[in-house]
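Chemist: After the structure tokens below, expect a handful of questions from me.
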Amino acid sequence: MTNNSGESTQEFLERLETDPVRVAARAEFERAAEARIAAERAASSSTLKDLAELGLHLSSIWELVNTSEPDPEALPILMRTSSRAGTPRE
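Using numbering that gives the first Met the number 0, the first residue of the sequence shown is number 0, and each one after it goes up by one.
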């Protein structure tokens, strides 16, 4: 497939990968994503420690979203955390 200038889709995509503005924007996007992940991990570290004491060894709070079996003992910890912390914001 080609566009109006005769450039194929593959050629267009290759050109995008070397465009300095796009490369800089992608690098900034990835840096911001890494910063958000680090902030989330820092904010949730005490909660993960509390959950580990209950026997729930998680690397992220988000692992609780897809669990097949609820753990009612975790609810007080999660409620306490949600009322004092909220979601990290930049």
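C-beta: ideal position from N, C-alpha, C; glycine also.
Tell me which same chain residues have a C-beta within less than 8 Å of the C-beta of arginine 40, skipping the five on either side of it?
Modeler: Excluding positions up to five away in sequence, the list reads Ser59.
Chemist: Near leucine 91, which residues of its chain fall below 8 Å by C-beta distance, leaving aside the five closest residues on each side in sequence?
Modeler: Lying outside 0 to 89, the shown extent of the chain, residue 91 is not represented and no answer is given.
Chemist: Got a sec? Which residues, its chain only, sit under 6 Å from threonine 80 by beta carbon, not counting five neighbours each side?
Modeler: Here the set comprises Thr46.
Chemist: For leucine 53, I'd like the list of residues in its chain whose CB is within less than 6 Å of its CB, leaving aside the five on either flank, ordered along the chain.
Modeler: Hits under 6 Å: Glu72.
Chemist: Evaluate serine 43 with the Cβ neighbour count: other Cβ atoms within 10 Å of its Cβ, from every protein chain shown; 16 or more gives buried, anything less gives exposed.
Modeler: The residue is buried, with at least 16 neighbouring Cβ atoms inside 10 Å.
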